[in-house]
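Chains as they are written, first to last, in this note's numbering: chain A, -16 to 186; chain B, -16 to 186.
Using N, Cα and C, we set each Cβ at its ideal position, and we do this for glycine too.
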């Protein structure tokens, strides 16, 4: 059986809901009430649920393009790290901090889906695998300190999540400080990365 | 007219409320509903308001000891910075991050009182003045980079505020990275500190 194309008004509703969700999520985060989205889209909540049976369905529609870009950008960084490990890693760290400052809701989707959630499961596996490659190439190329850990990318995002609510532009300065720390040539051993993070971010 | 000492049961109530508030604030933050505090203390909300007419009165009672310690610790660091600027600054940064991880509610009180709030106004002026001395001595002693800014202490706290909800022990690693960045000998210029912070943290 072939899925019937949506009737014109249904397609229009779908588009209006996605646009409204972008705005509402940008202001209230990825857990904003779906009632707010329906109201902003000028449709009933029943219509919203008919088009998007779960919040995850809506999140995937809203963030599909960004997620594709994120995966591509991570794969590119991993590739660049073969020849220019420091440029690849440092540009990537600033990219993820800036992307988060510009769209905190997207970063919520990216880093904090519930355990076992299928939300962007394929894409998340994909960019995690690339970022693990990026980090191991950066380490192999001695671009970062030996005890740099893949979870330090997560540490940077979580630290930045505190900042973006207070001063949106502060990610630049945090990024500059962290990058100094990440490469820090002659420094002593770091305190270990949180155990729970080491597990959750290994690909 | 001399203030009459509290009757025994009133003093007992006061003590129970402060103890209960410590627990409730530790779990729910400094903005926790005062009804929760009253319930935990086993007193009516009217009794709570009779003893502590405003939330600030209660916060000052709960955090008086910690605030005194914080002021003292900051003054000591400023003093030590005369002779050992790097030790003074680096120990102090780790102290504030650890204190925050141990008691997020206290740090809320410390860094985020409403504009014009009189909450711990004297103490906040006091420790700010000491921390400005600490930073300027650390800079004069070339212990930190020339473009280190007093507001970077605030940056560290705000970044840490994201971490402590996720992995309580991660402050150690964040602190180590930031300290590497703060001293970073030969690095390029930093992106500027957020303007609003420069104003709000100058003593």
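- Residue 121/A holds the alpha-carbon nearest to the alpha-carbon of residue 75/A among 34/A, 178/A, -9/A and 121/A.
- Measuring C-alpha to C-alpha distances from residue 110/A to each of 87/A, 85/A, 136/A and 124/A identifies 136/A as the nearest.
- Pairing residue 146/A with residue 84/A gives a Cβ-Cβ distance under 9 Å.
- If you draw a straight line from the Cα of residue 154/A to the Cα of residue 27/B, it comes to about 45 Å.
- At a cut-off of 9 Å, the C-beta of residue 73/B has no neighbouring C-beta in chain A.
- The beta carbon of residue 165/A sits closer than 9 Å to some beta carbon of chain B.
- In the three-state reduction of the DSSP assignment, residue 103/B falls in the coil class, being assigned neither a helical nor a strand state.
- A residue is called buried once 16 or more other Cβ atoms fall within 10 Å of its Cβ, and residue 11/A, having fewer, is exposed.
- Of the residues assessed, residue 37/B falls on the exposed side of the cut-off, its CB having fewer than 16 other CB atoms within 10 angstroms.
- Within 7 Å of the CB of residue 152/A, the CB atoms of chain B belong to 177, in sequence order along the chain.
- With a cutoff of 9 Å on beta-carbon distance, residue 123/B and residue 175/B are scored as not near each other.
- DSSP places residue 30/B in the helix class (H, G or I) of the three-state scheme.
- Using a CB distance cut-off of 9 Å, residue 174/A counts as an interface residue toward chain B.
- By the beta-carbon neighbour count (other beta carbons within 10 angstroms, threshold 16), residue 41/B is buried.
- Residue-level contact check: residue 90/B does not touch chain A, since none of the beta carbons of chain A fall below 9 Å from its beta carbon.
- Secondary structure in the stretch -7 to 32 of chain A: the alpha helix (DSSP H) runs of 4 residues or longer, each lying completely within the stretch, are 17 to 24 in chain order.
- Contact between residue 9/B and residue 86/B is confirmed by a C-beta separation of about 7 Å, below the 8 Å threshold.
- In the structure shown, residue 37/B adopts coil according to DSSP, grouped into three states.
- Given a length threshold of 4 residues, each whole run of the alpha helix (DSSP H) inside the stretch 50 to 124 of chain B is given here in chain order: 68 to 85, 87 to 94 and 104 to 123.
- Relative to the Cα of residue 45/B, the nearest Cα in the group 115/B, -2/B, 112/B and 113/B belongs to -2/B.
- Excluding the 5 residues flanking it on each side, residue 140/A has same chain C-beta neighbours closer than 7 Å at 79, 83, 90 and 94, in chain order.
- For residue 140/A, the uninterrupted alpha helix (DSSP H) segment begins and ends at 134 to 147.
- The DSSP-derived three-state label of residue 151/B is helix.
- Within the model, the alpha-carbon separation for residue 142/B versus residue -9/A is close to 47 Å.
- The C-beta distance from residue 108/B to residue 165/B rounds to 25 Å, too long to fall under 8 Å, and the pair is not in contact.
- Residue 13/B is positioned such that its CB atom lies no closer than 9 Å to that of residue 177/A.
- By a beta-carbon distance limit of 8 Å, residue 173/B contacts residue 156/A. Their separation comes to about 6 Å.
- Taking the beta carbon of residue -3/A as reference, no residue of chain B falls within 8 Å; the closest one sits roughly 35 Å away.
- Using a Cβ-Cβ cut-off of 7 Å, residue 100/A is close to nothing in chain B; its nearest Cβ partner there is about 17 Å away.
- With contacts defined as CB atoms closer than 9 Å, residue 161/A and residue 160/B qualify as a contacting pair.
- Counting only the Cα atoms, residue 3/A lies some 35 Å from residue 61/A.
- The beta carbons of residue 1/A and residue 23/A sit about 11 Å from each other, so the pair does not count as a contact at 8 Å.
- A residue is called buried when at least 16 other Cβ atoms come within 10 angstroms of its Cβ; residue 48/B does not meet this threshold and is exposed.
- Proximity of residue 144/B to chain A, defined by a Cβ-Cβ separation below 9 Å, is satisfied.
- Shown here for residue 18/B: same chain residues with a beta carbon closer than 7 Å to its own, the five before and five after excluded, namely 28 in chain order.
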